[in-house]
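Numbering (this note's numbering), first residue to last: 6 to 550. Every residue gets a Cβ at the ideal spot worked out from N, C-alpha and C, and that includes glycine. Accompanying notes for the structure given below.
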């Protein structure tokens, strides 16, 4: 009934609360690394610069004082393909005695949609208009920059800003590092990772990329050289918590435009601290360690709806965006050559980062049905300097924390292999020392395939064991997309959205036609594969003082 759909009203509050979100550090920085100086993908270990304000603030005491501005562009190409459906698992449209309107009973909302509605849409009744949403038709482009935007489709362009400033010589050095997208200051799009997405895009989307790479990210850091061979640092990024409590009065349930709404928006910004240490064991060997705490943006709304006859109902809607788990890293840099002829320097770096993905929360603030795996990601790099020129090459491998998706959920993610190259040069202009540099990056995500496990059939009426005191007519008609009837199935497997015991309505024993076997609109059924590549590049100019 329409009254049961009034939970959509709080979404107005959620949209307003998003506006109050502020920039945070996170997914974009973790992908592209330090875009200033020679930090690159090894920014947790080397390349002291304004980038160190996020990655390793303990490097700030060895950084030159600078003011830096830059530009960076990132192109994403994520291909997601779904396996063809066999047809016999389609949700049927219609019931005995009904016509093509596909209604099962006037007092029971149809959950799920008939598959034909998703493929062809629906406009056969006045007041009912459903646009077609073929499976996986909105897989990726809907979640990236649209055609005609600042940088074109699937491309994010950013300004970068950095600052390093000594306060008390090397004993207290402050740093700032920020990335600011052209156009959208912050981008966040929620989607479901199971059969619930049939009501929206009916498609699969990359879980850890896409919209996560389109928001402003900033970090403040400070470092101190406490001993000639030991430096420590702390950095801060912002965890945003937005709440939008709403109170609504629904004057006419058939015309929601007459609804009156009061809105309260609150934004809290608790700090997410990050810690770092640098230990110079010898003149040639340096060891580093970092710890980054959890980073996220939370949005929630508590809504109280008052209806015209005086009854009330309440609901809470929650979202969580840009989740990054706590992580810890250890690294080392070994100088092969320092101060040779023509001021030549050569060094190699290695770093390993542990990420605690087991506590991951998705965009609807839900924990995955199957816990994600914790990962250890290695990075190797080489730095070469000749007089005023510096170059660097980095290689990184990032493991996907997502388990193989054989069941209900469709978390799309791949392992990633990354390579970065950068060059910079110092020069004097108008009596001031400048540094100009550029970077190129390639990220390859090899193909990954998921094949769904066919769930066992749900019990028929004859096979069901009814609890004491319960009649057959009291049993659920359908395995609801929102709360599947797990008494008869494994909750991690694809949900049979129409039970093999489904009837035409609760007062009839007439079986629902097409109920036998599996019926599902899960957009990832019966399997899918994904592959991707990303290309990034940027330029920066620093004033050294």
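Asked                                                                                                                                             : Found
Between the region 374-386 and the region 43-57, are three or more C-beta pairs nearer than 8 Å?                                                  : yes
Spell out the partners DSSP gives residue 349 in its beta bridges.                                                                                : 391
Between residue 295 and residue 281, how many whole angstroms is the CB-CB distance? I'm expecting something under 8 Å.                           : 5 Å
Measuring straight from C-alpha to C-alpha, what distance separates residue 95 and residue 120?                                                   : 6 Å
Would residue 63 and residue 228 be called neighbours here (beta carbons separated by less than 8 Å)?                                             : yes
Can you tell which of 331, 289, 366, 219 has the C-alpha that lies nearest to the C-alpha of residue 299?                                         : 331
Could you give the residue range of the beta strand (DSSP E) that holds residue 225?                                                              : 222-232
Which first and last residues belong to the beta strand (DSSP E) in which residue 161 is found?                                                   : 160-171
In chain order, which continuous runs of the beta strand (DSSP E) of length 3 or greater are located wholly inside the region 70-98?              : 71-87
Would residue 339 pass as a contact of residue 322 if the rule is Cβ separation under 8 Å?                                                        : no
According to DSSP, is residue 127 helix, strand or coil?                                                                                          : strand
Please list the terminal residues of the continuous alpha helix (DSSP H) segment that includes residue 209.                                       : No alpha helix (DSSP H) holds residue 209; DSSP gives it neither H nor E.
Roughly how many angstroms separate the alpha carbons of residue 367 and residue 202, rounded to a whole number?                                  : 14 Å
Under 7 Å Cβ to Cβ from residue 521, same chain only, skipping five residues before and after it: list those, please.                             : 505
Just how far apart, CA to CA, sit residue 484 and residue 58?                                                                                     : The predicted position of residue 484 is uncertain, since its pLDDT is 38 and thus under 50; no value can be drawn from it.
Could you tell me the boundaries of the beta strand (DSSP E) in which residue 292 lies?                                                           : 290-297
Kindly indicate which three-state DSSP category residue 492 falls into: helix, strand or coil?                                                    : With a pLDDT of 42 at residue 492, under the threshold of 50, the modelled position of this residue cannot be trusted, and the question is left open.
Between the C-alpha atoms of residue 423 and residue 543, what's the straight-line distance to the nearest angstrom?                              : 16 Å
Measure the alpha-carbon distance for residue 546 versus residue 72 and round it to whole angstroms.                                              : 8 Å
Using DSSP bridges, identify the partner residues of residue 549.                                                                                 : 71, 438
With three or more C-beta pairs closer than 8 Å as the rule, is the region 216-234 touching the region 177-193?                                   : yes
Runs of 4 residues minimum, wholly inside the region 302-330: which ones carry the alpha helix (DSSP H) assignment?                               : none
How do the region 433-450 and the region 518-534 stand: do at least 3 beta-carbon pairs fall below 8 Å, yes or no?                                : no
On the three-state DSSP scale, how would you describe residue 534?                                                                                : strand
Looking at the secondary structure, which residues open and close the beta strand (DSSP E) in which residue 333 lies?                             : 332-343
Can you give the beta carbon distance from residue 186 to residue 209, rounded, assuming they're within the 8 Å contact cut?                      : Residue 186 to residue 209, Cβ: 24 Å. No contact.
Where residue 161 and residue 390 are concerned, what is the direct C-alpha to C-alpha distance, given to the nearest angstrom?                   : 31 Å
Is residue 63 helix, strand or coil when you go by DSSP?                                                                                          : helix
Pick out whichever of 430, 420, 61 has its Cα sitting closest to the Cα of residue 240.                                                           : 61
By the three-class DSSP mapping on this structure, what secondary structure does residue 500 have?                                                : coil
With distances taken Cα to Cα, identify the nearest neighbour of residue 142 among 159, 197, 206, 98.                                             : 206
Determine the extent of the alpha helix (DSSP H) in which residue 34 is found, giving its start and end residues.                                 : 32-37
Given residue 399, which residues of its chain have a CB within under 6 Å of its CB, disregarding the five upstream and five downstream residues? : 45, 46, 47, 386, 425
Check for me: the beta strand (DSSP E) holding residue 279 runs from which residue to which?                                                      : 276-285
Specify the secondary structure class of residue 263 as computed by DSSP and reduced to three states.                                             : helix
Determine the direct distance from the alpha carbon of residue 175 to that of residue 232, and round the result to whole angstroms.               : 10 Å
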